[in-house]
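**Q** My questions all concern the structure below.
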Amino acid sequence: MIIRKATTNDLNVIRDVTNYAILHTTANYDYEPKTEAEIAQWFTDKQNGNWPVLVAEENGEVLGFATYGTFRMKIGYKPTVEHSVYVIEGQQGKGVGRILLSHLIDLCRSEGYHCMVGCIDADNAGSIAFHKKFGFTEAGVLKEVAYKFNRWLDLQFMQLILE
């Protein structure tokens with residue numbers, strides 16, 4: 016498996032992974048699937064912001080992607096980034112996410128960031144445990160801040176101090 020920078024050729028897979036999460040999980044709190052144009056704009060925004068988008072590829076197939084970007088817009092938050100890791104359905108638990116997050120953490124450190132934040136649905140015990148393996152700690156829960164699938168959702172904040 017290789018980890019590389021995403022290209023526009025990867026956007027269909029990135030869109031499919033994202034849309035699966037939107038339609039079938041609470042890993043993403045959006046309701047409507049992303050269009051080709053929306054994903055292209057997202058990718059352009061990432062590039063213009065100098066934010067990485069990495070993909071995990073094996074035998075020519077993209078198995079997942081990871082990225083980070085602005086945590087909050089005020090200048091004081093500049094040393095902190097919020098990250099996302101998505102793995103295609105059927106490939107979870109095979110090390111794809113582990114390799115992607117490991118590369119993302121290394122990249123954050125090399126770029127001098129101080130803190131990585133993950134915003135995870137509080138019922139997603141698998142993602143919370145996954146992040147703990149990398150040293151992320153629970154930093155608080157916001158109760159009932161989102162609504163999806165006819166129920167209120169709690170948001171678990173997790174953080175990793177990089178220094």
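In our numbering, the protein residues as written are 16 to 178. All C-beta atoms, glycine included, are put in the ideal place defined by N, C-alpha and C.
Name the DSSP bridge partner or partners of Ser99?
**A** DSSP output for Ser99 lists Thr82 as bridge partner(s).
**Q** Exposed or buried, which one is Gly112 when buried takes at least 16 other CB atoms within 10 Å?
**A** Buried is the call here.
**Q** Would you grab the beta carbon distance between Tyr83 and Trp57 for me? Rounded to a whole angstrom, and I think it's under 8 Å.
**A** Not a contact, Cβ separation roughly 13 Å.
**Q** What is the DSSP secondary structure of Ala55, counted as helix, strand or coil?
**A** Note: Ala55 maps to helix in three-state DSSP.
**Q** Exposed or buried, what is Val32 when buried is set at 16 or more other beta-carbons lying within 10 Å of its beta-carbon?
**A** Result: buried.
**Q** So the candidates are Asn63, Ala21, Glu47; which of them puts its Cα closest to the Cα of Leu78?
**A** Closest option to Leu78, Cα to Cα, is Ala21.
**Q** What is the DSSP secondary structure of Tyr46, reduced to helix, strand or coil?
**A** In the structure shown, Tyr46 sits in coil (DSSP, three-state: anything other than H, G, I, E or B).
**Q** Of all the options His118, Glu104, Ile114, which has the alpha carbon lying nearest to the alpha carbon of Ala42?
**A** That would be Glu104, whose Cα lies nearest to the Cα of Ala42.
**Q** With a threshold of 7 Å on Cβ separation, who are the neighbours of Asn34 within its own chain once the five nearest residues in sequence on each side are excluded?
**A** Once the five neighbours on either side are set aside, the close Cβ partners of Asn34 are Pro48, Lys49.
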